[in-house]
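A short worksheet on the structure shown next.
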Amino acid sequence: MSKVSLFFVIITFFLGLQLQAQSETQLRQELQNTKHKTPQLQIRLRLIDAIYERNRNEWQKEIQLLVSQRSAYAGQSNQAIISLLDAERAFFLGNTATVVQIFERDLKAHRFQNSKLNWRKNMLGCALYPQLKTYHYRTLLTQMNRRLKNREQTALYLQIAKNFTATFQKDSALWASNRALQLAKRSDKKWVLIDALQQQAEVYWQFNLLEQAVQRAIYSLQLAEEAQLDYFKLSPFLLIASISLEVKNYNLGFTYLKLAQDLSKTNKDQRAQAFTNYLYSRYYLGTGALNKANISAGLAYNWFDEIGNQRYQNRARLMMIAAMQGEGMRVEAPFASLLLTANAQTDPFFVAELYYEYGQYLMGKNNYRAAQNAFESSLKSLPTESLLRPKIANTYSALAAIATKTGQLAAAYQFQKKYSNWLENSPVWRSAARIEEMAAANLREERERLILNQQASIERAQKEREIIELQRDRQLFMLIIFIVAIIF
2 MSKVSLFFVI
12 ITFFLGLQLQ
22 AQSETQLRQE
32 LQNTKHKTPQ
42 LQIRLRLIDA
52 IYERNRNEWQ
62 KEIQLLVSQR
72 SAYAGQSNQA
82 IISLLDAERA
92 FFLGNTATVV
102 QIFERDLKAH
112 RFQNSKLNWR
122 KNMLGCALYP
132 QLKTYHYRTL
142 LTQMNRRLKN
152 REQTALYLQI
162 AKNFTATFQK
172 DSALWASNRA
182 LQLAKRSDKK
192 WVLIDALQQQ
202 AEVYWQFNLL
212 EQAVQRAIYS
222 LQLAEEAQLD
232 YFKLSPFLLI
242 ASISLEVKNY
252 NLGFTYLKLA
262 QDLSKTNKDQ
272 RAQAFTNYLY
282 SRYYLGTGAL
292 NKANISAGLA
302 YNWFDEIGNQ
312 RYQNRARLMM
322 IAAMQGEGMR
332 VEAPFASLLL
342 TANAQTDPFF
352 VAELYYEYGQ
362 YLMGKNNYRA
372 AQNAFESSLK
382 SLPTESLLRP
392 KIANTYSALA
402 AIATKTGQLA
412 AAYQFQKKYS
422 NWLENSPVWR
432 SAARIEEMAA
442 ANLREERERL
452 ILNQQASIER
462 AQKEREIIEL
472 QRDRQLFMLI
482 IFIVAIIF
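Converting from the sequence shown to the working numbering requires adding 1 to each position, the first position being numbered 1.
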């Protein structure tokens, strides 16, 4: 190959890289200069995809803006693309009812010309209708081919893990999340691996493997720090805070909540602030600050209600009821309302906690028979005893107390024995000390990283000043030589 040809190959290669790595700033500039609607929409889609890799909060806002301007983009194909983005945004926010509505109305019967858009539609179908043959994970696995990037393949296995987690198939859920992690490690995008780690941490958490969940969360935090992807720190902050509160380590939980709160405020992320407020309500309930618990839960409830996240709307409502109950207020009507909407098949953890709190309320009213029924319903809500969380395990102690008060001493002994066995065998308490150790060590590393980053920033600023001064000296020297040359 001649030198000239080699030169053009190198130039073409670097131009290709530049086109692939088009920045958000360049895309926005290109969007501003493009007047025709069809290429304009394509640029917006590339911009949305670029933002997705950095910050999901800004990503969903960009989609919201596009949806509000959808009338500007005529044509069934364009409208279907916007509907797909709208459904993905609703799914991210937890508004399942809206996702179903958009899917049934605009997406189910539509076939995209672009195979990747069809794949994304099928992924939504897999999340909404996992038992239907069209969207069953086995069907999608057969459709998956080498043309799909590791990003798309990772996303499929993560969705499979979620589906198995929802049906409490532990081994299958762990298999799928491990497969997703293997694929994510091959991706050239660091955020794909970070995302896979965080979603695997969620799987571990759901099956009470709390130590492994914290390990994955901390690893993802370190990777997010290295990649300078601050948004991806929010999920592990909140997960570690939630687990710390579960094992009654309130000081550590509060510290991680504060980190999440500061970051969500910096990013102006209302979704993260709502989840932070919800966990603050749990923290305040655990530490006896009932008024603060009610306020924090109310803030969370308002946002979840506004965006249609029914799942966490119910959870925040329960925290408000628990706080009001602790202050001696009448809560029969709110409890009755929540109990009507509770569904143990779709959300057993919430139902178990709801019946536990209701049992505590009835016990405080000396209505022991009804309280016993509520506590038994709490235990029955979970498909297996291995999923008992510390709060629900307290149901055994409550049942023992009721049996003692009603003179059923043999039953009291059996319930107390069950509680002792849970304390002895549960991985939750066995892992509590290790969780505290790992989370505290990560906090120390976070502080050290902050100090190192500050030092690096100061050194970088100093070097920049030195470079500017050198450039000024060089320019002055060149000017002097130029003047001398003119004189001569």
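We put the beta carbon where it would ideally sit given N, CA and C, even for glycine.
None of the values given here were measured: they were computed from a predicted structure.
| query | result |
| --- | --- |
| Determine contact between the region 279 to 293 and the region 80 to 88, defined as no fewer than three beta-carbon pairs at a distance below 8 Å. | no |
| Per the contact definition of three or more C-beta pairs closer than 8 Å, is the region 186 to 197 in contact with the region 408 to 421? | no |
| Are the region 358 to 368 and the region 209 to 220 touching, with three or more C-beta to C-beta distances below 8 Å? | no |
| Can you give the beta carbon distance from residue 67 to residue 104, rounded, assuming they're within the 8 Å contact cut? | That pair is no contact at about 18 Å. |
| Would DSSP call residue 422 helix, strand or coil? | helix |
| Within 10 angstroms of the Cβ of residue 162, are there 16 or more other Cβ atoms? Answer buried if so, exposed if not. | buried |
| Classify residue 326 as buried or exposed, calling it buried when 16 or more other Cβ atoms lie within 10 Å of its own Cβ. | buried |
| On the premise that residue 264 lies in contact with residue 235, defined as a C-beta separation below 8 Å, what is that separation, rounded to the nearest angstrom? | 6 Å |
| Is the distance from the Cβ of residue 48 to the Cβ of residue 29 below 8 Å? | yes |
| For residue 319, is the classification buried or exposed, using 16 other Cβ atoms within 10 angstroms of its Cβ as the cut-off for buried? | buried |
| Leaving aside the five residues before and after residue 207 along the sequence, list all residues of the same chain whose C-beta is less than 6 Å from its C-beta, in chain order. | 166 |
| Just tell me which of 151, 233, 212, 262 has its CA closest to the CA of residue 185. | 151 |
| Could you please give the first and the last residue of the uninterrupted alpha helix (DSSP H) stretch that includes residue 40? | 38 to 53 |
| Alpha carbon to alpha carbon, what distance is there between residue 25 and residue 51? | 7 Å |
| Can you check whether the CB of residue 64 is closer than 8 Å to the CB of residue 90? | yes |
| Take residue 113 and list the residues in its own chain whose beta-carbon comes closer than 6 Å to its own, dropping the five residues that flank it on each side. | 119 |
| How many Å lie between residue 392 and residue 159 at the Cα? | 29 Å |
| May I ask whether a heavy atom of the ligand GDP can be found less than 7 Å away from the beta carbon of residue 26? | Of ligands this structure carries none, so the ligand GDP is not represented either. |
| Going by other Cβ atoms of all chains shown within 10 Å of its Cβ, with 16 needed for buried, is residue 146 buried or exposed? | exposed |
| Thinking just about the alpha-carbon of each residue, which of 42, 485, 109, 99 is nearest to the one in residue 75? | 42 |
| By alpha-carbon positions, which one of 189, 385, 275, 111 ends up nearest to residue 313? | 275 |
| Might you give, ordered along the chain, the residues of its own chain that have their beta carbon closer than 6 Å to the beta carbon of residue 435, omitting 5 neighbours on each side? | 212 |
| If you draw a straight line from the alpha carbon of residue 283 to that of residue 246, how long is it in whole angstroms? | 8 Å |
| Could you check what DSSP says for residue 110 in three-state terms: helix, strand or coil? | coil |
| By the three-class DSSP mapping on this structure, what secondary structure does residue 284 have? | helix |
| Would you tell me roughly how many angstroms separate the C-alpha atoms of residue 409 and residue 396, rounded to the nearest one? | 16 Å |
| Using a threshold of 8 Å, state whether the C-beta atoms of residue 268 and residue 115 are closer than that. | no |
| Here's a check: name, in chain order, each residue in its chain whose Cβ is nearer than 8 Å to the Cβ of residue 299, leaving out the five neighbours to either side. | 317, 321 |
| In or out: residue 387 buried (at least 16 other Cβ within 10 Å) or exposed? | exposed |
| Excluding the 5 residues flanking residue 324 on each side, which residues of the same chain have their C-beta closer than 8 Å to its C-beta? | 282, 285, 286, 291, 292, 294, 295, 298 |
| Below 7 Å CB to CB, which residues in the same chain sit around residue 154 once its five sequence neighbours on both sides are set aside? | 145, 184 |
| Secondary structure at residue 408, three-state DSSP: helix, strand or coil? | coil |
| On the criterion of 16 or more Cβ atoms from any shown chain inside 10 Å, does residue 124 qualify as buried, or is it exposed? | buried |
| Span of the alpha helix (DSSP H) holding residue 348? | From DSSP, residue 348 is part of no alpha helix (DSSP H); its letter is neither H nor E. |
| Using DSSP with H/G/I as helix, E/B as strand and the rest coil, what is residue 489? | coil |
| Could you check the C-alpha separation between residue 180 and residue 141 for me, to the nearest Å? | 15 Å |
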